[in-house]
Amino acid sequence: MRRLRAVALGAAVALSLGFGLPGLTLKMPAASAAGVQAGSGGASGTTEGVVEEEASVVDREAVLSAEDREDVERAVREMPYPVVLELWARAPAVPDRETLEPPPDGLALRYIAADRRLEVRIGASLRARGMSEATADRVIDRYFAPTLASDGPAPALITVLRALADAVSEAASAEAPPAAGEAFDRASAGPPAPGTPAAPAEGGQGAGGRAIRWSEAVPVLLLGLLLASAGYGAFQYRRLRRREQDLRQALAAARRSLEGAVSALLPASDGDRAAEHGRRTLERLLRAAIPEAEAALQEGGRALGTFRLLRAEEEFAFVEAVLKELASLLDRTPPAAGPANGTAEAEPDGGPEAYAPIRKAEAPEAGEADGTADLPEGAGPSGSGPTPGPERPPALGGDRPGPATETAAADVPSVAKDAEAAVLALEAAWQAYRKRSGVEMPQMEKRLKGLLAAARSGPLAPEAEAELRALRADLEAAEGLMAEIETRLPEAIRQREARLRALQDTGKVAAQAELERALKGLKARWNRLWPLWADGDFAAVRATIAEIEAELQDVDRRLQAEGEARRGMDARYAEERAAEAAYRAAVEALTHRLAALARKFVLDDAALTEALARFEDARNAYAAAFAELERLVRDGHFALAEGQADALIARRKTAERTLAEAMEIVQTLENLEAAARDQVQDDRARLVYARQEAERAMLPELAAAFRSDFERAEALLQAVLLRLEHRPLSVTKLREALARAHAEATAAADALLGRLEDARRAEAIIARLNRFRLHDPDIGRYLMQAENCFRDRAFDKARAYAEAAWAIAEKKQAALR
């Protein structure tokens, strides 16, 4: 699809520049080109002389001042084409626009000051260049009226003249390709038929046909290109769909073949450790390679469903590579021998067609089934004849290096005195291992035959001796390589996949696509090891393992670089997520408590409203900062995420503080009803205490004097209790009623208790100074007045006279000292 889009874009650019299809290349004869230049470029070439001759400003009624007229005339002279401007105070007798006579290659304007109107006529040359009166009217409507209202007629006229010049330039640039297209049409149409009028000299079209315009041709060409691209895309889509179906069938056949091979090995694996291991190896292939290929096939189908053709092509190529390796491995796996009684064994699951990939294409000749056709008598492992074929071959290798290989390789002398005997002994050891492992290993056979031929021809050369030692080392390393292929390499690939998934769980991995592609390539290389090992090409196996090791190291470097890029961001991100979850839980609790309060109260408290507003602002800021942190971590920008985490901490503290303030106010409101009832009870108790104190002082008339105040306070307290029974209850009104009732009750009780205190103080002073009233006339006079006020129940005045007498007594006592 990227190639298709690039082709479409390139074709569109080429067409827009006038290149592309040969049939639309702009090639004009000289006569046509000259005609076009005479109609457009030639007119522009004589513009200056025409402007000097025909440009004018006619102001017979002195509509403009001399200074404004000079500015307008300067703007008219600067126009790139002739302009005639008429200025009228009132509309002329025939105010029709048709009475304006524009220059052939310019325009005419008429301004009527009384109507605040501007009219325009376009000359023939400007019409040919694409300018129209409708376009000029739009320019006037856009610029003239606003500028006239704000700056006056002269600036408005100058602004319109400049805007009309720009509009003419845009129209000319837009119409230039059609003019060339018309010239091409006239040039390619040939001479006109007799009796047919010739095409006009200037831009236009002849009467005999219609010119091709680029503005009409280019969309058609682009539509054709789009249709061609869509057709090509549909072709590729259908091809990939058919390829997907073929791969699905081939994958199912490969699965049936592997299952058949496993079923064929199942009877022979009883008591035979090699056969058991071969069966387990094929089962591992069945559980590893086939599901991997099926997953890639499904991914390719999904990519094809969203028209991602390149991605589908990559996935299908991977499936084909897996199938190719599996087919190569199955072709190199010898078929299982029939039962001992000579009867034919039942075909495994899937029938003979499904089992065909692991059978030989033709029946082997006598002596070739076990690979000993060219060996002399006595060359087998028993020394008595040809080596019999394997009874029931396993698949690949053993669980760990067994004693058979080591013992057989040990029988080969390290320094061969008899070269032929050494080679035959090594070949016998190889045949024993081949019988036990159940693989052909044609490369090993080829190398052994070459050495045997060299040994029969004479003493072994140094190169042949080195080859003999290499063959012995390969035979000893066969099962070791099998352990590498079967255990260590898959485990290493799985470890890298687990590390990649762990990084993906915490955020976006920058090199995710490259790492996934590298891991998939590692799996493909690992699948390639099986046929190489079965061929006995251990050098290629070691080279492939080395490539896999190098690729694993590269993957490790990329994963380590990804971890270093995060630099502890994962831990901080986890902490912030936990803090955000706790904050979200607290906000949810606050929301529930507010909902419960809303069922009981009308939340019109100013303090609560302000606290909730601050809380909402802080919460939104914290949520936005946390979302930004999540986005940065998800996109893999960990360096930016570090700074965002630092800013998030301040936002979180502000959000937690405003949440605590809102919680405190909510707690107060939740206890508001109980607090109001307690306050009413306390105020009533204080009123009762004040009345009891008056009665205890035997001054019931004092309590009667404050009866109205007490009754009013009791009424207000009772009103508060009645208000508490209503739902929903206004918080503001409840607090106002409670404050008023509390103030009334407090004032009444304090006034009564204050009078009682005055009475007690006056009575105590009179009793203390009563014996001095006859000895000191001043003390006696004040005491007498205090007693009179006390009898009149003016306890405040009685207290004042008594304290005055007390002050005189203290002064005289001080004088006596």
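Going by the UniProt record's numbering, the residue at position 478 of the sequence shown is 478; the numbering climbs one at a time, nothing skipped. Note that beta-carbon positions come from the ideal geometry of N, C-alpha and C, so glycine has one too. All of these numbers come straight from a predicted model, not from anything done at the bench.
query                                                                                                               : result
Entirely enclosed alpha helix (DSSP H) segments - the region 763-810, minimum 4 residues                            : 777-791
Cβ-Cβ distance between Val-720 and Val-680 below 9 Å                                                                : yes
Nearest-angstrom Cα separation, counted from Arg-287 out to Asp-349                                                 : Model confidence at Asp-349 stands at a pLDDT of 40, short of 50, so the residue's coordinates are unreliable; what they give is reported in the following sentence. Straight-line Cα distance between these residues: approximately 17 Å.
Backbone secondary structure at Phe-601 - three-state DSSP                                                          : strand
Residue burial classification, Tyr-232 (beta-carbon count within 10 angstroms, cutoff 16)                           : exposed
The alpha helix (DSSP H) enclosing Val-120, as first and last residue numbers                                       : Not the alpha helix (DSSP H): Val-120 falls in the beta strand (DSSP E), residues 117-122.
Pro-146 classed as buried or exposed, judged by whether at least 16 other C-beta atoms fall within 10 angstroms     : exposed
Ala-621 and Ala-655 closer than 9 Å at C-beta                                                                       : yes
Simplified DSSP state of Ala-108, which is helix, strand or coil                                                    : strand
Pairwise C-alpha distance: Val-83 and Pro-153                                                                       : 17 Å
Simplified DSSP assignment, three categories, for Ser-65                                                            : coil
Cβ pair count under 8 Å reaching 3, the region 745-760 against the region 685-701                                   : yes
Where the alpha helix (DSSP H) through Leu-669 begins and ends                                                      : 638-670
Inter-stretch contact (C-beta, 8 Å, three-pair minimum) for the region 759-766 and the region 802-815               : yes
Beta-bridge partners of Ser-730, as assigned by DSSP                                                                : Val-602
Alpha helix (DSSP H) segment containing residue 818, residue limits                                                 : It is not possible to answer for residue 818, since the shown part of the chain is limited to 1 through 817.
Whole-angstrom distance between Tyr-689 and Leu-672, CA atom to CA atom                                             : 25 Å
Residues bridged to Val-83 (per DSSP)                                                                               : Leu-107
Same chain, Cβ closer than 7 Å to Ile-140, neighbours up to 5 away in sequence not counted                          : Leu-118, Val-120, Val-160
Alpha carbon of Trp-806 to alpha carbon of Ala-747, nearest angstrom                                                : 30 Å
Close-in-space but distant-in-sequence residues of the same chain around Glu-294 (CB under 7 Å, 5 per side omitted) : Leu-251
Status (buried if at least 16 other CB within 10 Å, exposed otherwise) for Asp-605                                  : buried
Contact check, Asp-556 vs Arg-496, beta carbons under 9 Å                                                           : yes
Cβ-based burial, Lys-446 [other Cβ within 10 Å; buried from 16]                                                     : exposed
Burial state of Gln-813 (16 or more Cβ within 10 Å)                                                                 : exposed
Endpoints, the alpha helix (DSSP H) within which residue 858 is located                                             : With the chain running from 1 to 817 in the structure shown, residue 858 is simply not present.
Secondary structure of Ala-815, DSSP reduced to three states                                                        : helix
Inter-residue Cα distance where the pair is Arg-501 and Val-319                                                     : 23 Å
Nearest-angstrom Cα separation, counted from Cys-789 out to Asp-796                                                 : 8 Å
Beta-carbon gap between Glu-86 and Leu-109 smaller than 9 Å                                                         : yes
Check whether Arg-576 and Leu-659 have beta carbons under 9 Å apart                                                 : One detail in the question is off: residue 576 reads as Glu in this sequence, not Arg. Contact flag unset, no.
9 Å Cβ cutoff met for Phe-615 and Ala-662                                                                           : yes
Straight-line gap, Lys-449 to Ala-470 (C-alpha atoms, nearest Å)                                                    : 14 Å
Pair within 9 Å by beta-carbon distance, Ala-114 and Trp-88                                                         : yes
Residue nearest to Val-587 in terms of C-alpha spacing, selected from Arg-572, Ala-623, Ala-561                     : Ala-623
When Lys-324, Ala-618, Thr-487, Arg-657 are compared against Ala-524, the one with the closest alpha-carbon         : Lys-324
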